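Numbering (UniProt numbering), first residue to last: 1 to 214.
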Amino acid sequence: MTDDLEVPDATATASLSAVVTRVTALADRLGVPHAEVFDTGRLSVASGVPESVVKALLSGRPAGQPDVQARFLQRLDLLRRTRLKPNGRKYTQQEIADGAGMSRQQAGALINGDRRPTMEHCDALQRFFRVHAGFLTAEDPEALAGALQHTEQELLQRLAEREGAPDDPLERLLQDHGVRGIAWRAAQLPTDQHRDKVAEWLDMLLESVKRPET
């Protein structure tokens, strides 16, 4: 068992600025307000990144929690506040422990910051709260980029539905390679370290459908 978490490799994730640029271009093309696609509250809940950090990162300022354990505690606290039981109440430590396959003492020590989490702990907690692999460990810019990639996929789908004329090159490209196909392949990736491949696919898609300015 690994005693300490490893800091994710920044080169294995899409550049946040590149994702922001692509989402901005898609929003402008669709006429979607920037406030909608860059809703900091929604992005905070989706990524686990504190809203103040989301705002700073979107404005291009360096921000985020560099300490792995502190970041883990931030994300776990957010999950406990936002991923609630069907009755609207928070999960108890015992319920988290049972669902994650650990003792109540272990769960309590992790929640209170008295024990440094292992990757096995993170995997178990992520499965319990039904969030993607890496949610509790990804660096803040990486986590925010991942949340924005979901927004990007949604905007691409809307663009495909709006510009679906048979002779439209976008429609042909989407039929051949598919936004749904990209989303499906993204869902199959085993770890966050492969997100850069998804960004590659999306970059190629957008480049292929660019139209000359008139």
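Glycine is no exception: its CB is placed at the ideal position from the N, C-alpha and C atoms. Because the structure is a prediction, the values reported are computed rather than measured.
Residue nearest to Asp-123 within the set Phe-135, Gly-113 and Arg-115 is Phe-135 (criterion: CA-CA distance). Its Cα nearest to that of Ala-100, the residue Glu-120 stands out among Glu-120, Arg-83 and Lys-90. Contact check for Arg-61 against Phe-129 fails: the beta carbons are separated by 8 Å or more. When the five nearest sequence neighbours on each side are left out, the beta carbons in the same chain lying within less than 8 Å of the beta carbon of Arg-81 are those of Lys-90, in order along the chain. Here Val-32 is not near Glu-152, since their CB atoms are 8 Å or more apart.
Annotated three-state conformation of Met-119 is helix, per DSSP.
Contact between Glu-51 and Gly-41 holds: CB atoms are separated by about 6 Å, below the 8 Å threshold. Gln-74 has its alpha-carbon roughly 20 Å from the corresponding atom of Met-102. Counting C-beta atoms within 10 angstroms of its own C-beta, Gln-149 has 16 or more neighbours from the protein chains shown and is therefore classed as buried. Distance from the CA of Ser-59 to the CA of Val-49, rounded to the nearest whole angstrom, comes to 15 Å.
Setting aside the 5 residues that flank it on each side, Ile-111 is surrounded in the same chain by Leu-76 and Gln-93, each with a C-beta closer than 7 Å to its C-beta; the list follows chain order.
Between the beta-carbon of Val-54 and that of Leu-144 there is about 6 Å, and that keeps the pair under the 8 Å contact cut. In the displayed model, Phe-129 falls within a helix according to three-state DSSP.
If you draw a straight line from the Cα of Leu-26 to the Cα of Arg-104, it is about 46 Å long.
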